[in-house]
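So the sequence shown is residues 1 to 503, counted in UniProt numbering.
Have a look at the structure below before the remarks.
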Amino acid sequence: VVDFGLSKESVDQEKKAYSFCGTVEYMAPEVVNRRGHNQSADWWSFGVLMFEMLTGTLPFQGKDRNETMNMILKAKLGMPQFLSPEAQSLLRMLFKRNPSNRLGAGSDGVEEIKRHPFFSTVDWNKLFRREIQPPFKPASGKPEDTFCFDPEFTAKTPKDSPGVPPSANAHQLFKGFSFVATTTVEDHKISPLTNILPIVQQLHGSSAQFTDVYELKEDIGVGSYSVCKRCIHIATNMEFAVKVYDDGRFIYLVTELMKGGELLDRILRQKFFSEREASAVLYTITKTVDYLHCQGVVHRDLKPSNILYTDDSNNADSIRICDFGFAKQLRGENGLLLTPCYTANFVAPEVLMRQGYDAACDIWSLGVLLYTMLAGYTPFANGPNDTPEEILVRIGSGKFSLSGGNWDTVSDAAKDLLSHMLHVDPHQRYTAEQVLKHSWIACRDQLPHYQLNRQDAPHLVKGAMAATYSALNHKTFQPVLEPVAASSLAQRRSMKKLTSTDL
Numbered sequence: 001v002v003d004f005g006l007s008k009e010s011v012d013q014e015k016k017a018y019s020f021c022g023t024v025e026y027m028a029p030e031v032v033n034r035r036g037h038n039q040s041a042d043w044w045s046f047g048v049l050m051f052e053m054l055t056g057t058l059p060f061q062g063k064d065r066n067e068t069m070n071m072i073l074k075a076k077l078g079m080p081q082f083l084s085p086e087a088q089s090l091l092r093m094l095f096k097r098n099p100s101n102r103l104g105a106g107s108d109g110v111e112e113i114k115r116h117p118f119f120s121t122v123d124w125n126k127l128f129r130r131e132i133q134p135p136f137k138p139a140s141g142k143p144e145d146t147f148c149f150d151p152e153f154t155a156k157t158p159k160d161s162p163g164v165p166p167s168a169n170a171h172q173l174f175k176g177f178s179f180v181a182t183t184t185v186e187d188h189k190i191s192p193l194t195n196i197l198p199i200v201q202q203l204h205g206s207s208a209q210f211t212d213v214y215e216l217k218e219d220i221g222v223g224s225y226s227v228c229k230r231c232i233h234i235a236t237n238m239e240f241a242v243k244v245y246d247d248g249r250f251i252y253l254v255t256e257l258m259k260g261g262e263l264l265d266r267i268l269r270q271k272f273f274s275e276r277e278a279s280a281v282l283y284t285i286t287k288t289v290d291y292l293h294c295q296g297v298v299h300r301d302l303k304p305s306n307i308l309y310t311d312d313s314n315n316a317d318s319i320r321i322c323d324f325g326f327a328k329q330l331r332g333e334n335g336l337l338l339t340p341c342y343t344a345n346f347v348a349p350e351v352l353m354r355q356g357y358d359a360a361c362d363i364w365s366l367g368v369l370l371y372t373m374l375a376g377y378t379p380f381a382n383g384p385n386d387t388p389e390e391i392l393v394r395i396g397s398g399k400f401s402l403s404g405g406n407w408d409t410v411s412d413a414a415k416d417l418l419s420h421m422l423h424v425d426p427h428q429r430y431t432a433e434q435v436l437k438h439s440w441i442a443c444r445d446q447l448p449h450y451q452l453n454r455q456d457a458p459h460l461v462k463g464a465m466a467a468t469y470s471a472l473n474h475k476t477f478q479p480v481l482e483p484v485a486a487s488s489l490a491q492r493r494s495m496k497k498l499t500s501t502d503l
């Protein structure tokens with residue numbers, strides 16, 4: 001809550017303030033009629049805000065200020081019937097024109113409002129301790145951003161508007177307000193503390209050269225826009241990876257060094273692999289994906305080459321998901337970042353559907369990975385020489401083998417999970433949360449240690465996996481174009497042009 005410029009201190013139930021101030025649409029009746037108001041006026045404004053959040057409109061708004069004030073004093077509130085009974089009840093109790101009858105005006109104050117059934121699902125203690133995830137997080141920007149300002153004002157051309165010269169009754173403008181002389185403020189100004197400047201500079205970034213802090217080593221990889229090198233932090237002797245971008249001046253992005261290499265390489269190097277190991281790997285990755293989906297983020301490129309190990313320990317906890325270049329976070333039409341608990345009521349269905357498709361794609365990718373870990377080969381590509389068209393036809397059919405080879409010894413629970421993760425219909429595909437709750441993941445400590453054999457040579461498996469994801473990124477066939485007259489729209493228009501005699 002910001003802007004306390006019109007606030008009044010020490011106004012309790014017995015004392016009243018008589019200032020006529022605030023935004024008219026949010027004023028309580030006792031503020032409008034200037035008969036004196038206390039803290040109950042804030043609960044009326046609270047009700048106006050709640051009504052606006054639930055319906056998108058103000059409860060009392062006329063053509064001008066006078067009509068709006070008359071509506072606040074006399075008009076009957078029209079309650080939308082799509083609101084829940086609890087919401088309607090709370091609004092009616094807040095919109096009492098007699099402030100003494102208003103909810104929150106009693107001796108218990110705000111506790112009366114907190115006990116209302118509308119807030120029955122809110123744990124106020126957890127909320128106070130900030131243990132509840134907010135329904136949405138506003139997009140953060142620079143301090144000078146005007147993103148949240150009303151376009152009515154930002155669309156206007158800035159112009160100087162000097163203050164009106166005070167008249168004989170100018171003192172009425174400040175009725176109920178206190179005044180502090182500017183000379184008093186000047187006397188109490190505190191001189192700036194020069195000793196905090198180095199700390200601020202340290203927080204905002206050091207001016208030291210990169211080579212004074214890190215020692216550059218050999219190249220790890222070369223991309224389209226940067227070179228990735230190994231580097232050593234001189235002070236701690238710890239190893240990191242650094243991406244060096246050259247855009248006229250070098251930019252260094254230091255990240256964790258993935259010493260363990262790619263997940264699929266590690267698995268294929270092992271001669272044997274068990275269901276229990278595969279379940280531990282899938283649990284770690286899915287837990288991370290579930291967190292991303294809960295934040296409204298979809299990765300959209302979960303191929304095995306983007307899943308790495310930080311070390312050679314073979315510990316599932318050392319797995320990392322990288323390369324968020326294709327990742328996307330759901331935003332509303334107002335630009336705010338949205339999380340699933342917020343999207344249900346405030347986002348267009350087609351946006352939610354698109355988000356659902358993207359999340360389902362992440363689960364499908366994890367299904368391909370799980371299939372490869374258990375079978376020793378990929379589900380939809382036989383080798384690196386398969387054409388994109390052949391692979392896409394197999395993917396579109398939704399058919400894959402769960403018999404023969406390793407599948408004769410793989411548990412039924414693993415096959416059941418796979419059939420849900422690789423379901424051709426994204427609406428019927430498991431979510432990350434459902435994958436985590438599946439018995440093959442939840443009871444992974446009870447899975448057999450039976451060693452599964454690797455079926456194909458590692459280079460063939462990697463080639464088939466690369467061919468699968470290359471096919472997914474392959475441009476689909478161009479549609480066959482027909483004359484404009486063949487379209488249904490053109491045919492409907494020609495029907496409208498027919499006269500009664502033609503018919």
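For every residue, glycine included, the Cβ atom is placed at its ideal position computed from N, Cα and C.
Check: Can you list, in chain order, the residues of its chain whose CB lies under 6 Å from that of S318, leaving out five sequence neighbours each side?
Finding: Y309, T310 and D311
Check: Closest to K399 by CA distance: which of A381, Y245 and F136 is it?
Finding: With distances taken between CA atoms, K399 lies nearest to A381 out of A381, Y245 and F136.
Margin query: Quick test of the definition: if touching needs 3 or more C-beta pairs under 8 Å, does the region 58–70 touch the region 111–128?
Written below: no
Note to self: Relative to the C-alpha of H427, which candidate in R394, E389 and A360 has its C-alpha closest?
What the structure shows: A360
Next item on the list: Would you decide whether Y18 is buried or exposed? Buried here means 16 or more other CB atoms lie within 10 Å of its CB.
Entry: exposed
Check: Using the rule of at least 16 other Cβ atoms within 10 Å of the residue's Cβ for burial, across every protein chain shown, is A235 buried or exposed?
Finding: exposed
Next item on the list: Look at the Cβ atom of Y450, then the Cβ atom of E275, and state whether they are nearer than 8 Å.
Entry: yes
Check: Buried or exposed: which applies to H233, given that a residue is buried once 16 or more other Cβ atoms fall within 10 Å of its Cβ?
Finding: Per the 10 Å Cβ criterion, exposed.
Check: Leaving out five residues before and five after F324 in sequence, what residues of the same chain have Cβ atoms less than 7 Å from its Cβ?
Finding: H299
Notebook entry, point to check: CB-CB under 7 Å to E112, same chain, minus the five flanking residues each way: which ones, in chain order?
Noted result: L103, G104 and G106
Check: What are the start and end residues of the beta strand (DSSP E) that includes T255?
Finding: In the DSSP assignment, T255 falls within the beta strand (DSSP E) that extends over F250 to T255.
Next item on the list: Pick out the complete alpha helix (DSSP H) segments inside the UniProt domain "Protein kinase" (1–119), 4 residues or longer, and give them in chain order.
Entry: 29–32, 40–55, 65–74, 85–94 and 110–114
Notebook entry, point to check: Starting from D412 and walking both ways along the beta strand (DSSP E), at which residues does that stretch end?
Noted result: Premise fails: D412 lies in the alpha helix (DSSP H), D412 to M421, not in any beta strand (DSSP E).
Checklist line | Inter-stretch contact at 8 Å, needing at least 3 Cβ pairs: the region 75–84 / the region 47–64 | finding: yes
Check: V227 lies in the beta strand (DSSP E); which residues open and close that run?
Finding: S226 to H233
Notebook entry, point to check: Nearest-angstrom Cα distance between P388 and A467?
Noted result: Straight-line spacing of the CA atoms in P388 and A467 works out to 7 Å.
Notebook entry, point to check: What does DSSP give as the partner residues of residue 517 in its beta bridges?
Noted result: The structure shown has nothing for residue 517, since the chain only spans 1 to 503.
Check: Cα separation between K63 and K8?
Finding: 30 Å
Check: Do you know offhand how far K137's Cα is from R320's?
Finding: 25 Å
Note to self: Whole angstroms are fine: how far does the CA of F250 sit from the CA of K303?
What the structure shows: Whole-angstrom Cα-Cα distance: 30 Å.
Next item on the list: Would you identify the three-state DSSP class for Q266, choosing helix, strand or coil?
Entry: For the record, residue 266 in the displayed sequence is Arg; it is not Gln. For R266, the secondary structure class from DSSP, reduced to helix, strand or coil, is helix.
Margin query: Please list the terminal residues of the continuous alpha helix (DSSP H) segment that includes G396.
Written below: P388 to S397
Check: With 16 other CB atoms within 10 Å as the buried threshold, where does G376 fall?
Finding: Flag for G376 reads buried.
Margin query: Taking the straight line between their C-alpha atoms, what separation do you get for I441 and L282?
Written below: 8 Å
Note to self: What does the Cβ neighbour count give for M53, buried or exposed, with the cut at 16 atoms within 10 Å?
What the structure shows: exposed
Note to self: I need the straight-line Cα distance from N33 to F82, nearest angstrom please.
What the structure shows: 32 Å
Check: Does the Cβ-Cβ distance between F273 and M373 come in under 8 Å?
Finding: yes
Item checked: Residues that L308 bridges to, as DSSP identifies them -> Answer by DSSP bridge pairing, in chain order: E262 and R320.
Next item on the list: Return the bridge partner residues of E215 from the DSSP annotation.
Entry: I232
Next item on the list: Write down the C-beta distance between P384 and G463 rounded to the nearest angstrom, noting that I regard them as a contact closer than 8 Å.
Entry: 3 Å
Item checked: Cα-Cα separation, F153 to T146 -> 10 Å
Notebook entry, point to check: Are G36 and E30 touching if we call contact CB-CB under 8 Å?
Noted result: yes
Notebook entry, point to check: Exposed or buried, T286, counting other C-beta atoms within 10 Å across all chains shown (16 or more means buried)?
Noted result: buried
Next item on the list: Look at the alpha carbon of G109 and the alpha carbon of P135, and state the distance between them as a whole number of angstroms.
Entry: 26 Å
Next item on the list: Might you give, ordered along the chain, the residues of its own chain that have their beta carbon closer than 7 Å to the beta carbon of Y430, omitting 5 neighbours on each side?
Entry: Excluding positions up to five away in sequence, the list reads I363, H420 and M421.
Checklist line | Of the residues C228, V244, L253 and N315, the one placed nearest L263, counting alpha carbons only | finding: N315
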